[in-house]
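First to last, the sequence lines map onto chains A and B. Numbering follows our numbering, with no gaps: position 6 of the first sequence is 6. In our numbering, each residue's number is its place in the second sequence (first place is 1) plus 411. Glycine is no exception: its CB is placed at the ideal position from the N, C-alpha and C atoms. Just so you know, these numbers come straight off a predicted model, no measurement behind them. To start, the structure under review is shown below, and the notes come after it.
There are 2 protein chains.
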Amino acid sequence: MKSDLDFLMHANQIDAILATGPGDHNPPMVYLTGGGSLTNADVLKLRGQAPVLFHSDIERDEAARTGLRTVNLASYPLGELMKAANGDFLGSMVLRYQRMFEEAGLSRGRVALYGRMEAGAALAIFSGLQKAMPGLSFVSELGSTVLMQAMATKDEAEVARIRRMGQITTQVVGRVADFLTSQRAKDGVLVQADGQLLTIGEVKKRINLWLAEAGAENPEGTIFAIGYDAAVPHSSGAASDLLRLGQTIIFDIFPCESGGGYFYDFTRTWCLGYAPDEALGLYEDVLHVFQTIKYELQVGAPTRQYMQLACQLFEERGHLTTCSNPQTQEGFVHGLGHGVGLNIHERPMFSQLASEAERLQPGLVMTVEPGLYYPKRQMGVRLEDTIWVRPDGQVETLAEYPLDFVLPIKN
Amino acid sequence: MKSDLDFLMHANQIDAILATGPGDHNPPMVYLTGGGSLTNADVLKLRGQAPVLFHSDIERDEAARTGLRTVNLASYPLGELMKAANGDFLGSMVLRYQRMFEEAGLSRGRVALYGRMEAGAALAIFSGLQKAMPGLSFVSELGSTVLMQAMATKDEAEVARIRRMGQITTQVVGRVADFLTSQRAKDGVLVQADGQLLTIGEVKKRINLWLAEAGAENPEGTIFAIGYDAAVPHSSGAASDLLRLGQTIIFDIFPCESGGGYFYDFTRTWCLGYAPDEALGLYEDVLHVFQTIKYELQVGAPTRQYMQLACQLFEERGHLTTCSNPQTQEGFVHGLGHGVGLNIHERPMFSQLASEAERLQPGLVMTVEPGLYYPKRQMGVRLEDTIWVRPDGQVETLAEYPLDFVLPIKN
């Protein structure tokens with residue numbers, strides 16, 4: 001939780017956090033500033049101190065609105081920095097960070113570095129800064145960084161925002177279901193009122209529109225995939241595909257607040273008109289695992305235990321899984337879930353890769369998303385809810401939605 | 412232009428380009444892959460060779476759709492890499508890049524590094540790779556990199572996409588103008604048909620909706636700012652502000668293709684109902700500079716010459732400018748324009764910071780956007796079109812739109 005940040009910095013021997021990059025669609029910046037339309041900025045937080053926002057002169061009002069202590073970068077005139085760096089732009093950027101750090105009283109210690117940047121610029125600037133300030137060391141652990149540890153558990157205000165995204169998400173899913181069931185079928189495919197064949201592209205256009213209407217964005221896209229594409233977990237669905245009856249459709253929707261705030265993550269699998277027995281069998285297997293896992297979740301248990309349970313349940317029903325066949329492209333081929341917050345994928349991991357130390361704890365918001373994939377049979381099924389582990393230890397689904405598999409279609 | 416890439420790599424002594432990060436909303440990746448919904452991938456291009464796309468196993472179909480040569484990262488099993496790196500995740504990532512580079516025959520030379528990444532991860536992985544492969548050096552120039560030089564000039568296919576975004580942009584601007592002029596004024600502010608006061612937030616919601624309807628996104632937001640906010644160039648406008656008659660409204664809209672493709676950039680300034688003389692004076696000054704600059708643009712001239720001309724024209728009319736007063740927050744306080752493409756801001760620069768070598772040349776797509784800002788008077792004016800320098804050297808505005816200042820409002 002954000003309030004744990006100083007404690008986590010202490011526990012990990014981090015003396016300062018530097019977050020950099022755009023103010024939107026950049027989780028570390030959004031987390032530390034609360035959001036705000038800054039083109040590019042830096043936040044420097046020393047352990048035990050409030051964060052300080054460094055902003056460009058023309059964004060002084062946007063910066064002030066964050067409520068953070070601010071420093072106008074006009075107080076480091078570029079001309080002067082360029083002169084001091086003998087006309088080298090990279091050198092002038094390094095020098096600016098050096099002055100920012102020195103004025104904050106930070107000339108030695110461990111600095112954790114965050115935020116969205118061009119990879120080449122990050123390497124150039126911060127390896128330059130490392131040379132210029134040998135007393136500093138940049139913390140280079142990937143994965144479970146201090147900020148990600150803090151972000152993994154959400155406070156009530158964060159949960160309220162995720163819950164609101166859940167309501168928007170399920171409302172849009174409901175509109176899509178209503179839209180599909182209001183179409184007619186002809187020769188096994190959906191046909192619009194004007195006689196045009198309905199395509200995945202048309203459905204996705206409506207999803208984008210309805211999300212925008214509700215004030216949400218889907219910067220990572222939406223998966224609405226039928227047939228073979230549903231059988232490959234990350235296929236987002238081909239725009240020209242038709243909506244054929246009796247084929248599995250995976251609808252995985254993961255929008256965020258406008259400007260790149262909190263996400264929600266949700267999946268249902270549908271068959272239009274009717275479900276072939278084989279698809280129904282897969283659906284029942286996934287539903288069984290989905291409901292069993294949700295029922296079994298308990299504070300204190302390692303997350304990977306549930307991945308193992310999901311694999312075991314699928315294997316008992318005759319499916320391959322990555323637990324026993326890491327290379328399999330059939331059966332249960334991905335992790336059971338992941339944390340959700342300002343990142344669509346964040347801590348905790350819910351897979352075999354999770355360490356023993358990753359355990360269910362109050363404040364976590366995460367997905368439960370078992371699935372089965374059979375590319376050769378052109379079938380895929382996945383069910384996903386986003387759950388919250390409440391302060392009292394109870395597990396709550398943040399947005400309820402029916403688990404119907406077949407959507408009835410008129411002929 | 413993309414076809415110049417090998418030549419530019421040669422001229423800059425670059426042996427390879429590595430682009431990394433998400434496949435969407437990540438200009439270097441979109442440029443090299445043509446787009447595609449990849450969660451995370453790498454593109455390695457050796458000089459004189461076609462680019463190779465490294466993708467995760469579950470995104471093999473999305474990867475194949477790019478038409479590039481592909482390598483499935485499943486051929487570098489994580490378990491094996493982790494073992495070789497003694498269980499260190501960072502080490503395993505470094506090792507994977509090392510193997511990718513070595514198998515591509517790249518063990519020495521200069522590598523230019525691109526793509527959106529977490530700053531800390533970029534520093535950790537690529538400084539680790541630098542140590543593991545001392546024969547490689549990562550090119551660290553900021554600003555005018557090889558890829559940015561290539562991207563600055565657009566081929567006809569790219570211009571067609573930007574032009575289409577221009578049409579969408581001006582259509583949405585027209586809808587906003589129609590919407591505003593269809594409202595009634597009461598006590599000096601716009602009132603909706605249902606009697607509710609119209610707010611900036613309501614206008615922005617419609618802008619987002621109409622952009623989504625047209626298949627566009629605005630990942631960087633939209634500036635629709637009135638009064639004091641219009642007088643501060645980067646204020647995006649407060650959602651709760653009312654639409655008061657006689658105040659300057661800056662409407663700066665810069666959407667991109669869905670998924671993070673090509674941008675368009677466009678600004679008009681409006682006064683609802685009437686314009687006070689002082690605002691009209693500012694508008695005429697900006698219009699004069701805007702039209703003069705557009706008329707004067709000539710292939711071969713250094714871009715900064717136009718910045719100087721804009722400053723001179725504004726100063727002749729009694730305004731302060733950053734040319735002679737770098738710190739001023741009144742008058743003409745920003746650059747005259749910038750390149751537009753997969754980035755909303757790219758090469759060339761159109762300001763005093765541009766080098767003598769940055770010249771107008773065929774293929775450039777860039778903005779012309781003079782403006783005047785008077786925070787104390789709560790007035791700001793900016794006009795902006797996106798122009799293309801055609802292969803024949805003629806300058807063309809990619810989307811025409813009227814230059815009316817006052818939008819008539821019924822009482």
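Have a look at Gly188/A and Glu296/A and give me their C-alpha separation to the nearest angstrom. Here residue 188/A refers to the residue found at position 188 of the first sequence. Here residue 296/A refers to the residue found at position 296 of the first sequence. Separation of Gly188/A and Glu296/A (C-alpha to C-alpha, rounded to the nearest whole angstrom) is 40 Å.
I need the DSSP call for Leu794/B, collapsed to helix, strand or coil. Translated into positions along the second sequence, residue 794/B becomes position 383. Coil at Leu794/B, not helix or strand.
DSSP beta-bridge partners of Asp252/A: Taking the first sequence and counting its residues from 1, one reaches residue 252/A at position 252. Answer by DSSP bridge pairing, in chain order: Ile223/A, Thr267/A.
Is any beta-carbon of chain A found at less than 8 Å from that of Pro644/B? Looking up residue 644/B in the second sequence gives position 233. Interface residue, yes.
Using 8 Å as the threshold, is the C-beta distance between Ile428/B and Tyr525/B below it? Here the question's residue 428/B lines up with position 17 in the second sequence. Here the question's residue 525/B lines up with position 114 in the second sequence. It is a contact, given that the beta carbons lie within the stated cut-off.
Assumed close pair Gly746/B, Phe761/B - CB separation to whole angstroms, cut-off 8 Å: Along the second sequence, one-based indexing puts residue 746/B at 335. Along the second sequence, one-based indexing puts residue 761/B at 350. At roughly 6 Å, the Cβ-Cβ gap stays under 8 Å, so Gly746/B and Phe761/B are in contact.
To which residues does DSSP link Trp388/A through a beta bridge? Here residue 388/A is taken as the residue at index 388 of the first sequence, counted from 1. Paired residue(s): Val365/A, Glu396/A.
Mind checking which residues open and close the alpha helix (DSSP H) that includes Gly445/B? Looking up residue 445/B in the second sequence gives position 34. Neither: Gly445/B is in no alpha helix (DSSP H) and is coded neither H nor E.
Select from Pro219/A, Gly246/A, Val406/A, Ile344/A the residue whose C-alpha is nearest the C-alpha of Met366/A. As a position in the first sequence, residue 366/A is number 366, starting the count at 1. Nearest C-alpha to Met366/A: Ile344/A.
Contact check, Leu180/A vs Thr269/A, beta carbons under 8 Å: In the first sequence, counting from the first residue as 1, residue 180/A sits at position 180. In the first sequence, counting from the first residue as 1, residue 269/A sits at position 269. Against a cut-off of 8 Å, the Cβ pair of Thr269/A and Leu180/A comes out as no contact.
Just how far apart, CA to CA, sit Leu620/B and Phe138/A? Position 209 of the second sequence, counted from the first residue, corresponds to residue 620/B. Position 138 of the first sequence, counted from the first residue, corresponds to residue 138/A. Answer to the nearest angstrom: the Cα atoms are 43 Å apart.
Quick check: the segment 533 to 552 of chain B against the segment 440 to 453 of chain B, are there 3 or more CB pairs under 8 Å? no
For Glu529/B, count neighbouring Cβ atoms within 10 angstroms of its own Cβ and tell me buried if that reaches 16, exposed if not. By 1-based counting over the second sequence, the position of residue 529/B is 118. Buried is the call here.
Chain-ordered residues of the segment 310 to 333 of chain A with a beta carbon less than 8 Å from chain B: Pro326, Gln327, Gln329, Val333
Taking the DSSP output, what are the residues bridged to Ala452/B? Here residue 452/B refers to the residue found at position 41 of the second sequence. In the DSSP output, where bridge partners are listed per residue, Ala452/B has Gly432/B, His466/B.
Would you call Ser651/B buried or exposed, if buried means 16 or more other Cβ atoms sit within 10 Å of its Cβ? The residue you call residue 651/B lines up with position 240 of the second sequence. It counts as exposed.
Would you say Phe500/B lies against chain A (beta-carbon separation less than 8 Å)? Indexing the second sequence from 1 puts residue 500/B at position 89. Chain A contact via Cβ: present.
Quick one, are the C-beta atoms of His436/B and Pro219/A less than 8 Å apart? To locate residue 436/B, count along the second sequence from 1; it is residue 25. To locate residue 219/A, count along the first sequence from 1; it is residue 219. Contact: yes.
Determine the direct distance from the alpha carbon of Thr797/B to that of Thr292/A, and round the result to whole angstroms. Locating residue 292/A in the first sequence gives position 292, counting from the first residue. Locating residue 797/B in the second sequence gives position 386, counting from the first residue. Annotation: Thr292/A to Thr797/B spans about 57 Å, alpha carbon to alpha carbon.
If you reduce the DSSP assignment to three classes, tell me which class Met93/A lands in. Here residue 93/A corresponds to residue number 93 of the first sequence, with the count starting at 1. In this structure, DSSP gives Met93/A a helical state, which the three-state scheme calls helix.
9 Å Cβ cut-off: residues of chain A touching Ser647/B: As a working mapping, residue 647/B is identified with position 236 in the second sequence. Ser37, Glu62, listed in chain order.
Per-residue burial, Asp392/A [other beta carbons within 10 Å of its own, 16 or more giving buried]: Start at 1 with the first residue of the first sequence, and residue 392/A comes out as number 392. The residue in question, Asp392/A, is exposed, as its Cβ has fewer than 16 Cβ neighbours within 10 Å.
Sufficient close CB pairs (3 or more, under 8 Å) joining the segment 765 to 776 of chain B to the segment 800 to 819 of chain B: yes
Cβ neighbour criterion (16 or more within 10 Å) applied to Pro781/B: Residue 781/B sits at position 370 when you count from the first residue of the second sequence. The residue is buried, with at least 16 neighbouring Cβ atoms inside 10 Å.
Supposed close pair Glu757/B, Gly748/B - CB separation, criterion 8 Å: Position 346 of the second sequence, counted from the first residue, corresponds to residue 757/B. Position 337 of the second sequence, counted from the first residue, corresponds to residue 748/B. Actually they are not in contact, since the Cβ atoms of Glu757/B and Gly748/B sit about 11 Å apart, beyond 8 Å.
Using three-state DSSP, classify Gly331/A as helix, strand or coil. Here the question's residue 331/A lines up with position 331 in the first sequence. It is a strand residue.
Does Leu608/B come out as helix, strand or coil in the three-state DSSP assignment? Start at 1 with the first residue of the second sequence, and residue 608/B comes out as number 197. The answer is strand: DSSP assigns Leu608/B an E or B state.
For Ser127/A and chain B, any beta-carbon pair shorter than 8 Å? In the first sequence, residue 127/A corresponds to position 127, counting from 1. True, the Cβ-Cβ gap to chain B drops below 8 Å.
Can you grab the Cα-Cα spacing for the pair Ala150/A / Gly520/B, in whole Å? What you label residue 150/A is simply residue 150 of the first sequence in a count that begins at 1. What you label residue 520/B is simply residue 109 of the second sequence in a count that begins at 1. Each residue's alpha carbon lies about 40 Å from the other.
Can you tell me where the beta strand (DSSP E) holding Met349/A begins and where it ends? Locating residue 349/A in the first sequence gives position 349, counting from the first residue. That run of the beta strand (DSSP E) goes 346 to 349.
Local Cβ density within 10 Å of His421/B, reported as buried at 16 or more and exposed below that: Position 10 of the second sequence, counted from the start, is the residue given in the question as residue 421/B. Label assigned to His421/B: exposed.
Apply the 10 Å Cβ neighbour rule to Ser518/B and answer buried if 16 or more other Cβ atoms are within range, or exposed otherwise. Numbered from its first residue, the second sequence carries residue 518/B at position 107. With fewer than 16 Cβ atoms within 10 Å of its Cβ, Ser518/B is classed as exposed.
Examine the ligand MG and report whether any of its heavy atoms sits within less than 7 Å of the Cβ of Ser324/A. As for the ligand MG, it is missing from this structure, which has no ligand bound.
Does any CB atom of chain B fall closer than 8 Å to the CB of Ala132/A? Start at 1 with the first residue of the first sequence, and residue 132/A comes out as number 132. Cβ-Cβ to chain B under 8 Å: no for Ala132/A.
Given this structure, state the Cα-to-Cα distance separating Ala690/B from Leu783/B, to the nearest angstrom. One-based indexing of the second sequence puts residue 690/B at position 279. One-based indexing of the second sequence puts residue 783/B at position 372. Each residue's alpha carbon lies about 10 Å from the other.
Counting only Cβ pairs nearer than 9 Å, list the residues of chain A close to Leu620/B. Working through the second sequence from its first residue, we reach residue 620/B at position 209. In chain order: Leu209, Ala212, Glu213.
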